[in-house]
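Quick notes on the structure that follows.
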Amino acid sequence: MARFIFLGAPGAGKGTQAKILTDLLRIPHISTGDILRASVAEKTALGLKAQAYMDRGDLVPDQLVIDLIRERLEQPDAQLGWILDGFPRNVAQAEFLDNLLSDIEQPYSYTVNFEVPDEVLVARLLGRGRKDDTESVIRHRLKVYREQTAPLIDFYRSQQKFVSINGDVLPEDVTVELKKLV
Ligand code: AMP
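Residue numbering for the sequence shown follows our numbering, starting at 15 and increasing by one per position.
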């Protein structure tokens, strides 16, 4: 049973690799960013609450993503494994996830940290052209990542089942490293 938590800055390649592994392993790719963007597009209550934070490059309030993840991990397809991409994003979310996974008896297999230098991240994100990919919002997202999300590296390293991989290589080479964990 493969259950992966993908960590890394915006643009580190988590989504790209999650899409490849999800096809290979037939387990869902759970991206809080994708779910939130769909909610914004559909103008749901969740989307309306999240939009301003996302446009600025800030994290949305924890409760919104916590509720979303709890519901998503209860779905039938998630009983076969999963890849979490973009969650958790801070220590409070990581602590919630620890408790949730122990409650639902779904221990994770590995936390995978994607390492990519900042200047490569900015270049990749500028090339992607998403609505929140303007240079000033990108720089703000990286600042939020360093301040709130990067501390999770130590949080997970101390729990073992932690792997750091070089994300500044060809996507297919990253996939080779990930397949070794399956
Ligand atoms: P992403 O696609 O993962 O880069 O997420 C896009 C945006 O969605 C982020 O900049 C945040 O505003 C929001 N978001 C996604 N995941 C989370 C999360 N776990 N906690 C808070 N905000 C999130």
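Glycine included, each C-beta is placed from N, C-alpha and C at the ideal position. The structure presented is a predicted model; accordingly, all values stated were derived computationally and were not measured.
task = Check the DSSP bridge columns for H154 and list the partner residues they point to.
result = As a first step, residue 154 must be located in the sequence shown, where it is residue number 140. Looking at the DSSP output, H154 sits in no beta bridge, so it has no partner there.
key: Euclidean distance between Cα positions of Y124 and L135   = For the purposes of this step, residue 124 is taken as residue 110 along the sequence shown, with counting starting at 1. For the purposes of this step, residue 135 is taken as residue 121 along the sequence shown, with counting starting at 1. Whole-angstrom Cα-Cα distance: 23 angstroms.
task = Please report the residue range of the beta strand (DSSP E) in which L200 lies.
result = Summary: the structure shown does not reach residue 200, with the chain confined to residues 15 through 196, and so no result is reported for it.
task = Going by CA-CA distance only, name the one from A32, T163, R144 that's closest to V196.
result = Sequence index remark: in the sequence shown, residue 196 carries index 182 (1-based). Nearest C-alpha to V196: A32.
key: 8 angstroms Cβ cutoff met for G29 and D99   = As a working note, residue 29 is residue 15 in the sequence shown. As a working note, residue 99 is residue 85 in the sequence shown. For G29 and D99, yes; Cβs fall inside 8 angstroms.
Alpha-carbon to alpha-carbon, I44 and V151 = Position 137 of the sequence shown, counted from the first residue, corresponds to residue 151. Position 30 of the sequence shown, counted from the first residue, corresponds to residue 44. Near 23 angstroms, if we compare the C-alpha coordinates of I44 and V151.
key: Closer than 7 angstroms: Q107 CB and nearest the ligand AMP heavy atom   = What you label residue 107 is simply residue 93 of the sequence shown in a count that begins at 1. Under cutoff, so the answer is yes.
query = When every heavy atom of the ligand AMP is checked, does at least one fall within less than 7 angstroms of the C-beta of Y67?
reply = Working through the sequence shown from its first residue, we reach residue 67 at position 53. Answer for Y67: yes, Cβ within range of the ligand AMP.
inquiry  = Going residue by residue through the region 29 to 56, where are the continuous beta strand (DSSP E) segments of at least 3 residues, counting only ones entirely within it?
reply    = If we require 3 residues or more, the beta strand (DSSP E) runs fully inside the region 29 to 56 come out as 43 to 45.
task = Give the range of the beta strand (DSSP E) segment to which I179 is assigned.
result = Your numbering for residue 179 matches position 165 in the sequence shown. Where I179 is concerned, the enclosing beta strand (DSSP E) stretches over 176 to 180.
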